[in-house]
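S.K.: Quick note: our numbering has the sequence shown finishing at residue 150, numbered continuously throughout. All residues carry an ideal CB built from backbone N, CA and C; glycine is no exception. These figures come from a predicted structure and were not determined experimentally. Got a structure for you, written out below as structure tokens; questions coming shortly.
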Amino acid sequence: MDKIGIIVVSGSAERLQMAAMVASVGAVSGNEVRVLLSMNALPLFVAGSVAAAPSEGPFGAIMAGKKVPPFRALFEQAVDLGDAKVHPCSMAVDVMGIERSALLPWLAEPLGITAFLHECSGAQLLTF
């Protein structure tokens, strides 16, 4: 089994979608996947948020009109069907004043970058 670490700081539809696809496919393929959600990505994982991620370019707009599985559902699928954990960044949680209880219930405990990088020791590390 391989390890995949994914750091997501962008709130763009395209980057979130790609990160979620990598996490989901990686987890269901038997890889250990760890995701850290920070900065502009984190607010999109607050429970009850219906905010759509803005498109970065034309592909995001095309995805919006197609039956592409939503990025939140793909991240949750990675958690449910494989060895994946999706962590909110503890620094971003603090800076934004987000209560842990306000985040989606399938998210793992908040982690700082030091702890996240320790968990990802030896992993392929991707950033979005």
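1. From this set, A74, P76, F67, which residue's C-alpha is nearest S123's C-alpha?
2. Could you pull the start and end residues of the alpha helix (DSSP H) that V44 belongs to?
3. Along the chain, where does the alpha helix (DSSP H) containing R56 start, and where does it finish?
4. How many Å lie between A73 and L147 at the Cα?
5. Using only CA atoms, which one of V117, G119, G48, V30 lies nearest to D105?
6. Keeping to the same chain, check which residues put their C-beta closer than 7 angstroms to that of L103; ignore five residues upstream and five downstream.
M.R.: Walking through what the data contain:
1. With distances taken between Cα atoms, S123 lies closest to F67.
2. According to the DSSP assignment, V44 belongs to the alpha helix (DSSP H) that extends over 35-50.
3. Run containing R56: none in the alpha helix (DSSP H); it sits in the beta strand (DSSP E), 54-59.
4. 28 angstroms
5. G48
6. A49, V50
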